[in-house]
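J.: Please read through the structure below; I'll follow up with questions.
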Ligand code: HEC
Ligand code: HEC
Ligand SMILES: [Ca+2]
Ligand SMILES: [Ca+2]
Ligand SMILES: [Ca+2]
Ligand SMILES: [Ca+2]
Ligand SMILES: [Ca+2]
Ligand SMILES: [Ca+2]
Ligand SMILES: [Co+2]
Ligand SMILES: [Co+2]
């Protein structure tokens, strides 16, 4: 079918329209608008518009996982966040994970503050991101973030080398990590139960009896009571 | 799969249970309980429990198509209702169609009165059916309907010979009446429009604009207004 | 015509405020999850409803509500818009008080609870259900304006239940003498229908689920019969009893209704199978095309005798036909969605579809049907439907000869 | 155990009042048609709801509601019970103000209204959608009690829309240099995900309908991307823009979330495809068997790489396996329902299912997965699920090794 058949369906986008919606910023900074912001300006924005949810130091997990925490100066050198293998690290903060600073710029500009997305100006976005980087000890308090200096920041991102595409789940013909067994009889000698729901969690998802049909082959167990003997 | 596997699923019905539910009456009167009712008793039931919907003479089409009307003494002889081919016959009443008196007994007993089904006793059912047959001039006012006399009635049912099973729609491998054409090009010479919705009916199904989606390739036509020129 | 022409592809049209201006859904926080534990359609979909056809029935509890086919996509009917047909109203029956009895010519008369039935080996199948009276208003002439009223006693679901044959086997049904089963409903009408044993043993299901959830109350909750390819009245709702017998039962809805009046005054009794049929659902009667140019003509095809093999579409009232695309999977006694390209030039057009099923039967024209059946049979009108497109883009229901 | 044994088939049990006594639905008139122009489930189904998992998220508008798989039948998910996942809440967007823009490496940057899109040649396909984080709470240990919470970020619908490839062709996409598309949503989060061009051109749809009606607002009304076999986050809801580019976009939900933490501290980025998986939905965690005897074990199987080829079931914790019945049709990147007979003898049992897809890949045990991925990757847990049946009939979530 020749697409000419569909003439009159859809129309050309105007430059203003594309500008209004094409706001994404790529890891190579394609799409990043010119502008700048200081750590100091960023602090003002953060404290008034962000801290209520993310905490004064970006450490809160009241509303979402912390933005700041778990990264070191060493990580900025290696580009690998060491605490990601530390079982005692309680949370995985944004800065521990994010490899690309563009991601933060793009996301803050498109979606934050959460209840008022698309309200930060370009300069305010630079500023508040500068402040986040400052809180993460990636830049100092004099830092001015702009479309040029952001490239330097990228070179210091703690987890910039922490990502891999070497896996079977990116493309459809990728290879799975492990394959199950097709054994049909006598496949295991002893079956050991390695994990069960702890007793105290029995009713943590509320009464399962009220999450199942009241007829049919099965009922939901009344989890407000101990199991029937 | 041996059905024994399912043992414990379902149980035997008790005789009382089968009696409570097995109330159907077949054209050969299998299932018809013993009992009787007079035309006179039937009139009392009809006038108090049926006439409000079906009319004093069973002629009403306020609530449903008439029960009585359109049959003749001749029809009772032939077992074919002549008015079924009469284009001037305004309605097709129940008695014009029903070939089997068992059908009426079964249905009245199971489902009438409409707002109080299953409330007529066996004798009351005989009685009110006797009265319907009287209104249809199939029996006289002295008639006593019971499990024996009902067989005589069957011999007088006006449309008892009016049914056919000679058609392709009773079994799955039946033969359709007509087959369409598989012609692909130049199949008809002139296309004549033989029927359209009359102008006065344009809005008879209310405003079609409000019966279609408000976006997409089509809108509903505003039928409160004449067609757009 | 009101000066419509193909919308030109504007090199530099005016900026669209829907894009240039920020919308409230882009600049504020939306609603939380599970605010609707059981969700509903968009408020902008409110015009797509089940509707009665004014004047068709005198009382609303012995009536029908038609499904808005003009707004459907694919083959699945959303449960909320499944057509309704009740003879004595509907109830939301307590499933713990519902029973299924098997009696008659069986070794053991049995009673099942819902607990029992749902333990048995179940199966899930996609099937259409069509009322025998669908399109019945159109035997004589054009009577209703839209596809909702011409064809809306049609729906299609994935049904889950047990094969009736299994229950009959458990009861030890006498398959030598037992030539029929009677199915009976648990509503006020105690709806009863006879089904030939051949069909009963083939693919009839005792079903409790439609489209992944339990049946809706209006459609027989908690149990209904699914009789693939057979007219809807036999799909007894609120099913409470199956009796095995050696003769048909001549119930009210077999001896007074769902009988087809022939020109010679005889009625065909036990008309059962829904024959090959199709209809274009968009564009269809009462709709209006917004402009000339390309459209996707879309519709539904089905047959009670098997699968859909092909569908042809004409845009010139039946002079010439082209083969439509069929969506897959094509399933037995199930709706098949067809689509075909069309460029409307602004001139009057008459759109028609014509289905062929796997038995080779081809959907007929209304005149050919009338030659055999006359115009008063009410049921089983499977004629080709014609929609006229006027120069103003308005589509209307017409018959051609 | 509380003295349960197989119910004997009572020769003459006591008469059942549900049969002997006339019920109200047999002796009064029911409700009229169209009293619900858009119908709802029975009041007796009220326990089957979308639910949040307590403690999983701190705010309800960046959260998930899980579908009650324990109550589903067949493969279709009723639209009202489709799982939800929002990052910045949901809106019921005005379809007349919704636009789709195609930009980037294209000859012509285009804007479509819903009127435009729905005129194009459409197609309808059945596909599952699974969140990449489905079963993610179970990487380390058993964390939640029922299949609703272990596997309920899973649904399956018939989707209708246009192939994305058609829109890309209309825009004259540069298929030499353009290796990726970015899909962007119209909600507050402006959800953005990169999709490899190879997949985009294959079977991705720009869809407006699910299960025969328009998308539900919670699922992206009026437009969403359907990316068969790929994790749900890529099925961008409220789709407003498609950009063609030469590099991945590294968006927040590709660079901070939906990345899988490996034991060496690296994260796998752009994990996309949902691998072969299955789960027994009845009986399942939190349910209780009423008695010993026969049961139909039933569940769902799916693969993002193709069709389901077979499903095996074990009732002894993986010692022995038997092949389950698969319901048809078996469709590409779609749920397949399986069923298998089981007679419960009242002893403890561990039920498991294991799916094999058309690429020959076999669903693995959790321990095998952990050997490669450790326990902290959150996403893409396609391990075999184990349900323990206790002597009292209670079923619980366990892991075995
Ligand atoms: C009302 C609460 C709220 C406010 C105010 C708020 N945020 Fe957020 N923020 C959130 C939530 C919730 C998320 C997670 C959204 C999701 O699930 O996609 C988030 C996510 C983020 C993220 C991504 C974190 C990650 O790991 O995904 C960044 C960065 C961020 N916010 C920065 C900001 C900045 C900068 C501001 C102020 C300009 C701000 N937020 C204001 C609630 C808030
Ligand atoms: C409140 C209204 C009402 C009352 C009272 C009522 N009926 Fe009916 N009757 C109906 C309706 C409505 C139908 C059609 C039901 C259907 O569509 O299946 C009907 C159908 C019938 C039929 C079948 C007619 C046909 O052609 O299908 C018979 C016979 C009948 N009623 C007899 C009776 C008798 C006898 C009584 C009293 C004992 C009675 N009715 C009381 C409303 C009523
Ligand atoms: Ca861009
Ligand atoms: Ca500036
Ligand atoms: Ca009987
Ligand atoms: Ca007596
Ligand atoms: Ca009315
Ligand atoms: Ca909450
Ligand atoms: Co009917
Ligand atoms: Co998600």
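Protein chains in written order, with the working numbering: chain A, 318 to 546; chain B, 318 to 546; chain C, 57 to 457; chain D, 57 to 457.
We put the beta carbon where it would ideally sit given N, CA and C, even for glycine.
Source: prediction; values computed, not measured.
1) Check for me: the beta strand (DSSP E) holding residue 195/C runs from which residue to which?
2) Mapping the DSSP letters down to three states, classify residue 437/D as helix, strand or coil.
3) Mind listing the chain A neighbours of residue 82/C? Cutoff is C-beta to C-beta under 8 angstroms, in chain order.
4) So what's residue 352/C in DSSP terms, helix, strand or just coil?
5) Exposed or buried, which one is residue 61/C when buried takes at least 16 other CB atoms within 10 Å?
6) Keeping to the same chain, check which residues put their C-beta closer than 8 angstroms to that of residue 438/D; ignore five residues upstream and five downstream.
7) Kindly indicate which residue of 546/A, 530/A and 362/A has the alpha-carbon position closest to the one of residue 126/D.
8) With distances taken between CB atoms, is the gap from residue 398/C to residue 326/C smaller than 9 angstroms?
9) Would you report the Cα separation of residue 383/C and residue 181/D, rounded to the nearest angstrom?
10) Short check: CB of residue 170/C to CB of residue 535/A, under 9 angstroms?
11) Roughly how many whole angstroms lie between the Cα atoms of residue 281/D and residue 287/D?
12) Verify the CB distance criterion: does residue 78/C have a CB-CB separation below 9 angstroms to chain A?
13) Can you tell me whether DSSP reads residue 97/C as helix, strand or coil?
14) Give me whichever residues DSSP pairs with residue 333/C in a beta bridge.
15) Three or more C-beta pairs under 8 angstroms: does that hold for the segment 247-255 of chain D against the segment 436-443 of chain A?
16) Within its chain, find whatever has a CB closer than 7 angstroms to the CB of residue 133/D; leave out the 5 residues flanking it on each side and keep chain order.
17) How many angstroms separate the CA atom of residue 371/A from the CA atom of residue 425/A?
18) What does a CB cutoff of less than 6 angstroms around residue 449/C pick up in its chain, not counting 5 residues either side in sequence?
19) Give the interface partners of residue 320/D over in chain A, defined as CB-CB distance under 8 angstroms, in chain order.
20) Am I right that residue 410/C and residue 504/B are in contact with their C-beta atoms under 8 angstroms? What's the rounded C-beta distance?
21) Counting along the chain, where does the beta strand (DSSP E) carrying residue 462/B start and finish?
22) Based on DSSP bridge pairs, tell me the residues matched to residue 183/D.
23) Is residue 452/B closer than 9 angstroms to residue 525/B when the C-beta atoms are compared?
24) Just to confirm, is the Cβ distance from residue 239/C to residue 175/C under 9 angstroms?
25) Does the Cβ of residue 281/D lie closer than 8 angstroms to at least one heavy atom of ligand 3?
26) So who's on the other strand from residue 405/D, going by DSSP bridges?
27) Would you say residue 544/A lies against chain C (beta-carbon separation less than 9 angstroms)?
28) Residue 457/D to residue 195/D, Cα distance in whole Å?
29) Considering only DSSP beta bridges, list what residue 219/D is partnered with.
30) Identify whether residue 170/D lies in helix, strand or coil by the three-state DSSP scheme.
31) If you draw a straight line from the alpha carbon of residue 77/C to that of residue 336/A, how long is it in whole angstroms?
32) Strictly below 9 angstroms CB to CB, what residues from chain D border residue 369/A?
33) From what residue to what residue does the beta strand (DSSP E) around residue 370/D run?
34) Roughly how many angstroms lie between the CA atoms of residue 74/C and residue 152/D, to the nearest whole one?
35) May I ask you to report which of helix, strand or coil DSSP gives residue 422/B?
36) Would you check if the distance between the CB atom of residue 340/B and the CB atom of residue 423/B is smaller than 9 angstroms?
T.: Per the coordinate set shown:
1) Here residue 195/C belongs to no beta strand (DSSP E), and DSSP marks it neither H nor E.
2) coil
3) 434 and 435
4) strand
5) In this prediction, residue 61/C has a pLDDT of 39, which is less than 50 and means its spatial position is unreliable; nothing more can be read from the coordinates.
6) 191, 330, 331, 332, 333, 419, 420 and 425
7) 530/A
8) no
9) 8 angstroms
10) no
11) 12 angstroms
12) yes
13) coil
14) 358/C
15) no
16) 123, 211, 212 and 213
17) 13 angstroms
18) 344 and 345
19) 402
20) Going by Cβ atoms, the distance from residue 410/C to residue 504/B rounds to 10 angstroms, so no, they are not a contact pair.
21) 461-463
22) Answer by DSSP bridge pairing, in chain order: 213/D.
23) no
24) no
25) In this structure, ligand 3 has no non-hydrogen atom nearer than 8 angstroms to the beta-carbon of residue 281/D.
26) 445/D
27) no
28) 13 angstroms
29) 261/D
30) helix
31) 12 angstroms
32) What residue 369/A touches in chain D: nothing, since even the nearest Cβ is about 13 angstroms away.
33) 364-370
34) 9 angstroms
35) DSSP places residue 422/B in helix when its eight states are reduced to three.
36) yes
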